[in-house]
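Participant:
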Amino acid sequence: MEKTIDQICSDALRELGTAKSKESLNAVSLKYLSRKGIVTQFLRNISQLPPEERPNAGKRANETKKILEKAIEDAINSLGAETPDTDDSIDVSLPGRASLPGSIHPITQITRQICDIFTRMGFEIAEGPEVESDYYNFEALNIPKYHPARDMQDTFYVSDNIVLRTHTSPIQVRVMEKRKPPVKVIAPGKVYRSDSDITHTPMFHQIEGLMVGENISFGNLKGILTNFVHLMFDEKTSLRFRPSFFPFTEPSAEVDILCVMCRGKGCRVCSQTGWLEVLGAGMVHPAVFENVGYNTSRITGFAFGMGVERITMLKYGIDDIRKFFENDLRFLRQF
Amino acid sequence: MKVSLSWLKDYVSIETDIHDLASALTMAGLEVESIAKPFDYLEKVVVGRIIEIKPHPNAGKLKICQVDAGDRILQVVCGAPNAEDNLVAPLALPGTVLPDGPLLTKCEIRGEISEGMLCSEKELELGEDGSGIMVLPDNLRAGSNIASAMNLSDYVLEIGLTPNRSDCLSIIGIAREIAALQKSRIKYPDISPPVKSKEIFDFTSVTIEAPEHCPRYTAGLVKDINVAPSPFWLRKRLLSIGQRPINNIVDITNFIMLECGQPLHAFDFDLLEGSRIVVRTATKGETFTTIDRKERILDPDMLMICDGKKPVAIAGVMGGLNSEIVNSTKRVLIESAYFNPLSIRKTSKKIGLSTEASYRFERGIDPDGTVRALVRAASLMTDMGKGKSIKGIIDQYPLIQKKETIELGISATGKVLGTELDKNTIRSLLESIEFKVKNSGPDTIKVTPPSFRVDITRPVDLMEEAARLYGYNRIPASLPLMQSETTQPLKALVIREKIKDIMTGLSFTEAVNYSFISESSCARLNLSSDDPKRRLLHLLNPLTEEQNVMRTSLVPGLLETMHRNLSQQVRNLKFFETGKIFLSKGNESLPEEIEMAAGLMTGGRYSQTWYEKDAECDFYDIKGVVEGLLAGLDIENIRFTKIPVELCCYTRYGYTAKIIAGNETIGIVGEVHPEVHHNFDLKQKAFIFELNCSTLLALSDQDITARLLPKFPASTRDISIITDKSIEAMYILEKINSIGEKLIENTHLFDIFEGASVPAGKRSVSIRITYRSSEKTLEDGEVNNIHKRITDRLSMEFGASLPA
């Protein structure tokens, strides 16, 4: 005896109830609703029923078909939300079609950080030529020809009067020549000295700072540099100021920071002293002011300079300065 | 400057620990760079006494000694002629490493065991005598360490002096600073004033012909000298700070220089013709042989010390071989002079010779110190050299060096330092280093610095002295009152940083290459003889020939960078660099400095991936990078045009484009020329671009005005045109745009096809045209009509065209 359409419906619903995967749901759908499926066959065979049963059976069969279609769809939808679809899933662990960014050179990164700190403190950025006249590189900075202080910097000469700048200090002079005080500038750039070993390269980068106005004091120099060091390293990095000599500043100071590696205990990096020399600084020498036509009785100011490579090496733990200019991609990609 | 602790203690009592002393000096501006124990290498050398000696059975010249080493008797094979019974001598035990010597071990010498080495003073670097073993005082206890037995235990401080502190180029100078820091007193050596006598004028005279070079010349004479090795205490002093003892006379001059900073020179008086001294400048081309046996060519600027006939020393730099102290010297003329620092500096630079003496003279010695140094030297020579002083001295002082008095404002000092120091504080600080201070007003003092402080000339110099002795670290840090006005950031800097950010976004890594390159780079880049990049700025003193000119292009640096990376097996490279190039305008003027941005790409387009087959990058990759960079800089209307073969030097002809914005050439992009690949030893193709940053700056510095977005939809139509391959695609797009159809919003090339369906020598170029009206939605028919017009125009122009 053939099953009634209602029996077929309840069978199908029961089977759907036990089907837990998309695969088995599809099998149920195939079994009942496909071209050769049971419901389809039932509809096809209606013509063989007695004429009085036909209308009702046809109506019931079509209803059943709709009920099952809806039930299967619902079951598939709810399946998708509950269990992963193993069938056409992708390997999400494969690398993406990335276009990875390149790296900014570590010297540029640290230069940016330093400049950011000072511009936040109100300094402007100035630049100047890398090939300089003897006047701007030395004379105007109170370093006359044959002054022993010229020995402090091994100079590359183009001719007697043209040099590769040995420091960014000439920018001080160029800025002050053009501007009336107050002046607050920092001047980053490449500088050149004829020296080459594990701690020296013939080209390196400096950042010069200058703050000139009325009532600018050595105490202010200490304040600004302390602020800078605390922002560049951290608040625990203390500073010490040691008397020193630069022809263009008086009083002059070397600025040491507490060794960032050993925190003052003494290590290889700080040669067991606990301190690292990172900045040269001082009050602008009156001779420099005289050279740019500033009134030395009213105007005072400070200047400082630092080597970017040195700070970068400390920040990133790099021990050979020459690495910066070898441009080994494997080195640069770390930063 | 090296100073030994024991020597310092001759002038100042030091109770503090050596490390505290070093730190106090450092914080006063005399940076202690190292603390060493100079005779550390003698750690395993003990006092030995020979108690038995017999000939070596297998070697005629050697002896076998039984040596009492205190706690044991050791057998030592020794070849010294003076080895004899009961002799006390230094015994180096196994484990000793003598200067310039190997590690000493117990060994067998010609079949006999030797358990140590009896040493000469030369072997121990305690003197010059290497003729036999060093004879030690008989009273030393066998087995005791030689350094302690002979009072050699010491500390040596190496002080990095700044060029202004010439007053500290002596033990006394450092002792003076220590006394000031300790608030104690310095004890100067006892020197009696010179005997007033004219006797010396019976023997000699001094004539200064060039007083501006030689403001002061003091001389003395000692006769009946016996030149001999110095006594041990003197040798020890010199050795402890690394000075080689020579003989008593020379050692005394060195000792005085180290003690008080006054360089002295000793002449063999009997070798001075005319028995006199003439101080004059050299004549041009004159030659002179210095005691190092080198012939020097002189210059009219150079100051010479001469006798009655000829030069005998280059003043302040080095003496002459012709008047050197030798073992037979009997009479010595001692020179103690003050030379003009600039004069000595120039001479020293010109002849390329820097000595302990010239180093001090060029930094400025104490002009008032010549007499004391001379008297002290003469008295040591009479003591040690068993000589007799000729009475009296000669002191020619034609140009008196006056020390100016400086007025110092007390409140001005506080203003500069940023802390209030009262008058008494400042006064006592300055007085502690022998400055003379007088009250000159309620807020001022008058200060006369001592003659040895040649660096003090202005009030700020006094402020520094006060501040450093007070202690920089006691000055409170304070923030200045900020001025609030500011200016626009530097445009060159802004665009440079933007370029860096865009380039890294495009996967390029920033390189920083040296600004100097090799002169040969021009040839390696195939530059033509009139290329502006041949305007090289040469360095007079390059470190190497590889770095002898300033770069005129960033390309050589990038190619070198590529080469270095390839040699490390890193072959997929994307590098960029920004920086200046330098075009010479002659060596007497500053060059033209032009900031450039350049990039290099080589190797695979992607590093081997699962989704893309390995593909080598090509021209269109680097061109795409340039397009991306320029788009990022908001530079529009860029064209890329072919460069004629004669202008392609380091890029390959046919694979190079000039980059044009508006009417201006802003750079080039292309494949590196095969010959250049070869010249730089590059095993794979590289692609480069170069852009001039200042032109980029001008182009990118435009105000942006926002456009309204279109209200009506666009319609697109495609067209394919078959043309000769030689016709540039850009030409077709320009043709379409030149028609001037207002409704064309955009043209976009989306396909290039060559192959079976296209005749040989031709290609099909497919272009999508976007039509849009700002006023209405375009009807299909309307678009079709316009598109047909354009298609017809193009087929007229190019022969064949067909709708895609």
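Sequences listed follow chains A and B, in order.
Letter by letter, the first sequence follows residues 1 to 335 of the working numbering.
Letter by letter, the second sequence follows residues 1001 to 1804 of the working numbering.
We put the CB at the ideal spot given by N, CA and C, even for glycine.
1) Could you check if B:Met1730 is buried or exposed, using at least 16 other CB atoms within 10 Å of its CB as the buried criterion?
2) Only counting runs of 4 or more residues, tell me where the alpha helix (DSSP H) segments fall wholly within the segment 97 to 170 of chain A, in order along the chain.
3) Should the segment 59 to 77 of chain A be regarded as contacting the segment 31 to 38 of chain A, the criterion being three or more beta carbon pairs within less than 8 Å?
4) To the nearest angstrom, how far is it from the Cα of A:Lys315 to the Cα of B:Ile1305?
5) Below 8 Å CB to CB, which residues in the same chain sit around B:Lys1711 once its five sequence neighbours on both sides are set aside?
6) Please report the distance separating the alpha-carbon of B:Ser1428 from that of B:Val1460.
7) When the distance is taken between beta carbons, is B:Asn1513 closer than 8 Å to B:Thr1561?
8) Give the interface partners of B:Glu1362 over in chain A, defined as CB-CB distance under 9 Å, in chain order.
9) Check for me: the alpha helix (DSSP H) holding A:Glu15 runs from which residue to which?
10) Taking B:Gln1483 as the reference, which of A:Val255, A:Met211, A:Arg14 and A:Thr226 has the closest Cα?
11) Does A:Glu208 come within less than 8 Å of chain B when only Cβ atoms are used?
12) Taking DSSP as the reference, what is the three-state secondary structure of A:Trp275?
13) With DSSP as the reference, identify every bridge partner of A:Ser47, one or two as the case may be.
14) Can you grab the Cα-Cα spacing for the pair B:Val1206 / B:Val1278, in whole Å?
15) Flag B:Val1447 as yes if its beta-carbon sits less than 8 Å from any beta-carbon of chain A, otherwise no.
16) Quick one: give me the first and last residue of the beta strand (DSSP E) that B:Tyr1650 is part of.
17) Are three or more beta carbon pairs between the segment 1122 to 1137 of chain B and the segment 1077 to 1097 of chain B nearer than 8 Å?
18) Mapping DSSP to helix, strand and coil, what is B:Cys1260?
19) Would you mind giving the Cβ-Cβ distance between B:Lys1685 and B:Val1669, rounded to the nearest angstrom? I have them listed as a contact below 8 Å.
20) May I have the straight-line CA-CA distance separating A:Ser103 from B:Arg1496, to the nearest angstrom?
21) Cα separation between A:Ser196 and B:Ile1502?
22) Which residues does DSSP pair with A:Asp91 in a beta bridge?
23) Measure from the alpha carbon of A:Phe325 to the alpha carbon of each residue in A:Phe302, A:Thr108, A:Pro148 and A:Leu239, then state which is nearest.
24) Would you mind working out which of B:Gly1662, B:Cys1649 and B:Ile1666 sits nearest B:Pro1674, comparing C-alpha positions?
25) Let's test the definition: count the other Cβ atoms within 10 Å of the Cβ of A:Lys222 and tell me whether it reaches 16, buried, or not, exposed.
26) What span of residues does the beta strand (DSSP E) with B:Tyr1338 cover, start to end?
27) Given this structure, state the Cα-to-Cα distance separating A:Asp234 from A:Asp256, to the nearest angstrom.
28) Is A:Gly266 helix, strand or coil when you go by DSSP?
29) Please give me, in chain order, every unbroken run of the beta strand (DSSP E) with length at least 3 that falls completely inside the segment 1312 to 1388 of chain B.
30) Tell me whether B:Arg1072 sits in a helix, a strand or coil according to DSSP, three-state version.
31) Quick one: does A:Val292 have its CB under 8 Å from some CB of chain B?
32) Could you check whether the Cβ of B:Asp1618 sits closer than 8 Å to any Cβ belonging to chain A?
33) If B:Ile1390 sits next to B:Lys1223, beta carbons under 8 Å apart, how far is it from one beta carbon to the other, in whole angstroms?
34) Pick out whichever of A:Thr119, A:Ile216 and A:Val163 has its Cα sitting closest to the Cα of A:Pro181.
35) Suppose contacts are defined by Cβ-Cβ distances below 8 Å. Is B:Asp1614 in contact with B:Gly1604 by that definition?
36) Counting Cβ pairs closer than 8 Å, one from the segment 1282 to 1298 of chain B and one from the segment 1236 to 1254 of chain B, do we hit at least three?
Facilitator: Working from what's here:
1) One-based indexing of the second sequence puts residue 1730 of chain B at position 730. The residue is exposed, with fewer than 16 neighbouring Cβ atoms inside 10 Å.
2) 106 to 120 and 134 to 137
3) yes
4) Here residue 315 of chain A refers to the residue found at position 315 of the first sequence. Here residue 1305 of chain B refers to the residue found at position 305 of the second sequence. So the alpha carbons of these two residues sit roughly 55 Å apart.
5) Here residue 1711 of chain B is taken as the residue at index 711 of the second sequence, counted from 1. Result list for B:Lys1711: Ser1774, in chain order.
6) In the second sequence, the residue the question calls residue 1428 of chain B occupies position 428. In the second sequence, the residue the question calls residue 1460 of chain B occupies position 460. Going from the Cα of B:Ser1428 to the Cα of B:Val1460 covers about 17 Å.
7) Looking up residue 1561 of chain B in the second sequence gives position 561. Looking up residue 1513 of chain B in the second sequence gives position 513. Contact: yes.
8) Counting from 1 along the second sequence, the entry for residue 1362 of chain B is found at position 362. Those are Tyr146 and Pro148, listed as they occur along chain A.
9) Walking along the first sequence from the start, residue 15 of chain A turns up at place 15. It spans Ile5 to Thr18 - the alpha helix (DSSP H) in which A:Glu15 sits, taken as one unbroken run.
10) Numbered from 1 along the second sequence, position 483 holds the residue referred to as residue 1483 of chain B. Of A:Val255, A:Met211, A:Arg14 and A:Thr226, the residue nearest in Cα terms is A:Met211.
11) Taking the first residue of the first sequence as 1, we reach residue 208 of chain A at position 208. No, no contact with chain B.
12) In the first sequence, counting from the first residue as 1, residue 275 of chain A sits at position 275. Three-state result, A:Trp275: strand.
13) Along the first sequence, read from residue 1 onward, the residue named residue 47 of chain A stands at position 47. None; A:Ser47 has no bridge partner.
14) Within the second sequence, residue 1206 of chain B is the residue found at index 206, counting from 1. Within the second sequence, residue 1278 of chain B is the residue found at index 278, counting from 1. Taking the straight line from one Cα to the other gives about 6 Å.
15) The residue given as residue 1447 of chain B occupies position 447 in the second sequence. For B:Val1447, the answer is no, since every Cβ of chain A falls outside 8 Å of its Cβ.
16) Counting from 1 along the second sequence, the entry for residue 1650 of chain B is found at position 650. B:Tyr1650 -> no beta strand (DSSP E), and no H or E assigned at all.
17) yes
18) Start at 1 with the first residue of the second sequence, and residue 1260 of chain B comes out as number 260. Of the three classes helix, strand and coil, the one that applies to B:Cys1260 here is helix, per DSSP.
19) Indexing the second sequence from 1 puts residue 1685 of chain B at position 685. Indexing the second sequence from 1 puts residue 1669 of chain B at position 669. No, B:Lys1685 and B:Val1669 are not in contact; Cβ-Cβ is about 14 Å, not under 8 Å.
20) Numbered from its first residue, the first sequence carries residue 103 of chain A at position 103. Numbered from its first residue, the second sequence carries residue 1496 of chain B at position 496. Taking the straight line joining both Cα atoms gives about 15 Å.
21) The residue you call residue 196 of chain A lines up with position 196 of the first sequence. The residue you call residue 1502 of chain B lines up with position 502 of the second sequence. About 33 Å.
22) As a working mapping, residue 91 of chain A is identified with position 91 in the first sequence. Bridge partners of A:Asp91: none, in fact.
23) As a position in the first sequence, residue 325 of chain A is number 325, starting the count at 1. Taking only the C-alpha atoms, the option nearest A:Phe325 is A:Thr108.
24) In the second sequence, residue 1674 of chain B corresponds to position 674, counting from 1. Of B:Gly1662, B:Cys1649 and B:Ile1666, the residue nearest in Cα terms is B:Cys1649.
25) The residue labelled residue 222 of chain A in the question sits at position 222 within the first sequence. Buried.
26) Residue 1338 of chain B sits at position 338 when you count from the first residue of the second sequence. That run of the beta strand (DSSP E) goes Val1332 to Tyr1338.
27) Taking the first residue of the first sequence as 1, we reach residue 234 of chain A at position 234. Taking the first residue of the first sequence as 1, we reach residue 256 of chain A at position 256. Between A:Asp234 and A:Asp256, the C-alpha separation is close to 14 Å.
28) The residue you call residue 266 of chain A lines up with position 266 of the first sequence. Three-state DSSP puts A:Gly266 in coil, outside helix and strand.
29) 1332 to 1338
30) The residue given as residue 1072 of chain B occupies position 72 in the second sequence. B:Arg1072: coil per DSSP, three-state reduction.
31) Taking the first residue of the first sequence as position 1, residue 292 of chain A is located at position 292. No, its Cβ sits nowhere closer than 8 Å to a Cβ of chain B.
32) The count along the second sequence starts at 1 and reaches residue 1618 of chain B at position 618. False, the Cβ-Cβ gap to chain A never drops below 8 Å.
33) Reading the second sequence from its first residue, position 390 is the one you call residue 1390 of chain B. Reading the second sequence from its first residue, position 223 is the one you call residue 1223 of chain B. Yes, B:Ile1390 and B:Lys1223 are in contact; Cβ-Cβ is about 6 Å, under 8 Å.
34) For the purposes of this step, residue 181 of chain A is identified with residue 181 of the first sequence, where counting begins at 1. Closest option to A:Pro181, Cα to Cα, is A:Ile216.
35) The residue given as residue 1614 of chain B occupies position 614 in the second sequence. The residue given as residue 1604 of chain B occupies position 604 in the second sequence. Yes, the pair counts as a contact, with Cβ atoms nearer than the cut-off.
36) no
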